[in-house]
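Visitor:
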Amino acid sequence: PSPSISSVTFFPTDPSFTSTLQSYIRNLRFTSTTTPKPLFIVVPSHVSHIQASIICCKTHGLEMRIRSGGHDYDGLSYVSKAPFMILDLFNLRSVSVDNGTAWVESGATLGELFYAISQKSKTHGFPAGVCPTVGVGGHFSGGGYGNMMRKFGLSVDNVIDAKLVDVNGNVLDRESMGEDLFWAIKGGGGASFGIIISWKIKLVSVPEIVTVFKIEKSLEQGVTGIVHKWQYIADKIDPNLFVRVVLLPVNKKHLQSIKAKFIGLFLGNGQELISLMNETFPELGLSFDQCIEMSWIESILFWSNYPKGTSLDVLLDRQPQQEKYLKKKSDYVQEPISKENLEGIWNKMIELKRPALTLNPYGGKMSEISEFETPFPHRAGNIYKIQYSVTWKDDGVEAS
Ligand SMILES: Cc1cc2nc3c(=O)[nH]c(=O)nc-3n(C[C@H](O)[C@H](O)[C@H](O)COP(=O)(O)OP(=O)(O)OC[C@H]3O[C@@H](n4cnc5c(N)ncnc54)[C@H](O)[C@@H]3O)c2cc1C
Numbered sequence: 001p002s003p004s005i006s007s008v009t010f011f012p013t014d015p016s017f018t019s020t021l022q023s024y025i026r027n028l029r030f031t032s033t034t035t036p037k038p039l040f041i042v043v044p045s046h047v048s049h050i051q052a053s054i055i056c057c058k059t060h061g062l063e064m065r066i067r068s069g070g071h072d073y074d075g076l077s078y079v080s081k082a083p084f085m086i087l088d089l090f091n092l093r094s095v096s097v098d099n100g101t102a103w104v105e106s107g108a109t110l111g112e113l114f115y116a117i118s119q120k121s122k123t124h125g126f127p128a129g130v131c132p133t134v135g136v137g138g139h140f141s142g143g144g145y146g147n148m149m150r151k152f153g154l155s156v157d158n159v160i161d162a163k164l165v166d167v168n169g170n171v172l173d174r175e176s177m178g179e180d181l182f183w184a185i186k187g188g189g190g191a192s193f194g195i196i197i198s199w200k201i202k203l204v205s206v207p208e209i210v211t212v213f214k215i216e217k218s219l220e221q222g223v224t225g226i227v228h229k230w231q232y233i234a235d236k237i238d239p240n241l242f243v244r245v246v247l248l249p250v251n252k253k254h255l256q257s258i259k260a261k262f263i264g265l266f267l268g269n270g271q272e273l274i275s276l277m278n279e280t281f282p283e284l285g286l287s288f289d290q291c292i293e294m295s296w297i298e299s300i301l302f303w304s305n306y307p308k309g310t311s312l313d314v315l316l317d318r319q320p321q322q323e324k325y326l327k328k329k330s331d332y333v334q335e336p337i338s339k340e341n342l343e344g345i346w347n348k349m350i351e352l353k354r355p356a357l358t359l360n361p362y363g364g365k366m367s368e369i370s371e372f373e374t375p376f377p378h379r380a381g382n383i384y385k386i387q388y389s390v391t392w393k394d395d396g397v398e399a400s
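Take the sequence shown: its letters are residues 1 to 400, numbered as in UniProt numbering.
#1: Considering Cα atoms alone, identify which of ASP395, SER400 and ALA399 is closest to SER32.
#2: Comparing the CB of ARG174 with every heavy atom of ligand 1, is any distance shorter than 6 Å?
#3: Are the segment 228 to 235 and the segment 318 to 326 in contact at 8 Å, needing three or more beta carbon pairs?
#4: If I measure Cβ to Cβ from GLY75 and keep anything under 8 Å in the same chain, skipping five residues before and after, which residues do I get?
#5: Could you check which residue in PHE288, LEU248 and ILE369 has the C-alpha nearest to that of ASN347?
#6: By DSSP, does PHE266 sit in helix, in strand, or in coil?
#7: With a threshold of 16 other CB atoms inside 10 Å of the CB of VAL167, please say whether the residue is buried or exposed.
#8: For ASP173, name the three-state secondary structure that DSSP assigns.
#9: Going along the chain, which residues of its own chain have a beta-carbon closer than 6 Å to the beta-carbon of SER53, five neighbours each way excluded?
#10: Measuring only the C-alpha atoms, how far is LYS229 from LYS37?
#11: Considering just the uninterrupted stretch of the beta strand (DSSP E) at LEU241, what are its terminal residues?
#12: Using only the alpha-carbon positions, how far apart do LYS186 and LEU255 sit?
#13: Can you tell which of SER23, PRO44 and THR13 has its C-alpha closest to the C-alpha of SER7?
#14: Please check the pair VAL165 and ILE215, which I expect to be a contact at CB under 8 Å, by giving their CB distance rounded to whole angstroms.
#15: Note down, in chain order, each residue of its chain lying with its Cβ closer than 6 Å to the Cβ of THR280, except the 5 sequence neighbours on either side.
#16: Can you list the alpha helix (DSSP H) stretches of 4 or more residues lying completely in the segment 118 to 148, in chain order?
#17: Ligand 1 and ASP72: does any heavy atom of the ligand fall closer than 6 Å to the residue's C-beta?
#18: Distance, Cα to Cα, GLU293 vs SER275?
#19: Candidates LYS200, PHE84 and ASP180: which alpha carbon is nearest VAL136's?
#20: Taking the straight line between their C-alpha atoms, what separation do you get for VAL223 and ILE117?
#21: Take the Cβ of VAL245 as the centre, count every other Cβ of all protein chains shown within 10 Å, and call the residue buried at 16 or more, exposed below.
#22: Bridge partners for GLU105 per DSSP, in chain order?
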């Protein structure tokens, strides 16, 4: 028998209401007293709690906000202007890995998923985002991109089944929901179609040794020329290689400038990487001693900025390393930006002092999948995605 729903329902008068609400708010912009609050929160531990919540919302005309990891950039999983409740899935987070596939519940984080895979196999991985605290539910239902997408596509390109509760409370799997609905939840925004409880994924093969690197270049070291060249090779090189560029303004008293971090994952060893880079991207000047060979699961920690030797257990930590106020938007770049225009962008970043740009290369597997295959349409023809982000630490309108 399932525990009664009252034991997993929190009203504003309950002592743990505020901590439950805030524990998965991942953008401090939505922690203010003026942020609309839910009438109550249900933290289901059983599917019957989800079904009862649906009936309750329909009967009382409430909006339901579904929250898995709470990383939505604009708080969509826990804020609404209409009267609403939150269905918070953090207790539904089991992961079971079996023979090259896994069932993962939506409330699991990517870190928990990666950790569970690594406990079963050294040669399996899964293509998904690199931030370990992102929730599976929102990530998969929006597509899910990460540093293996040039080789294996998005997370949803590797989803093979799912369990969902529909608006009438029916529990459906791929067969009973039909291919149209199954198509829609793989990138079309899950909450428009139901509550996805769990996903069956196909794991991918990764080598026992992968290679990572992180190189910084300043304006004086020729950032403009290097980024310009990167645009011509990043989506065309061997799909085993993913090179992200993070551009940041430098705001020192005597130096207003730009720096770029080139962060790489190569599904192969350091020697192979060096010969590939010498052939295709010598401008970066990557040397063998800047390459670090490690297992795929260790590369997840590297990409999350954990120091070498950090225990894999940090992947089970559901709290991010830092909480911030943030705003992020993205564009897709289909023609390389000229050097003159890159310099114009640098000048604007220097003037504004805060914005960071992250360039994620496409191509490879992403170009082989039709734009109609899933609701995520950004496939062939995109060189890279550019994400503009601003983060800040102080509360208030002025800081925003
Ligand atoms: C620090 C940070 C790093 C990120 N890095 C990446 C990255 O590398 N790659 C990438 O692709 N994205 C990245 N993202 C974006 C992230 O993938 C999306 O914001 C994703 O939707 C978050 O999922 P969540 O479950 O944590 O979010 P939530 O806020 O819980 O949910 C997001 C949306 O999905 C809906 N939803 C959640 N769970 C379900 C469910 N079970 N059923 C139906 N609807 C549901 C919610 O209602 C909401 O509309 C990042 C975000 C942050 C804040």
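We put the CB at the ideal spot given by N, CA and C, even for glycine.
Guide: Let me lay it out:
#1: If you compare the alpha carbons of ASP395, SER400 and ALA399 with that of SER32, the shortest gap goes to ASP395.
#2: no
#3: no
#4: ILE25, ASN27, ARG29, PHE30 and THR35
#5: LEU248
#6: strand
#7: exposed
#8: coil
#9: VAL42 and LEU87
#10: Spanning the two alpha carbons is a distance of roughly 48 Å.
#11: 241 to 252
#12: C-alpha separation (whole angstroms): 46 Å.
#13: Selected option, being the one with the closest Cα: PRO44.
#14: At roughly 47 Å, the Cβ-Cβ gap does not stay under 8 Å, so VAL165 and ILE215 are not in contact.
#15: ILE233 and ILE237
#16: 136 to 142
#17: Within the cutoff, so yes.
#18: 15 Å
#19: LYS200
#20: 38 Å
#21: By the Cβ neighbour-count rule, VAL245 is buried, with 16 or more other Cβ atoms within 10 Å of its own.
#22: SER198
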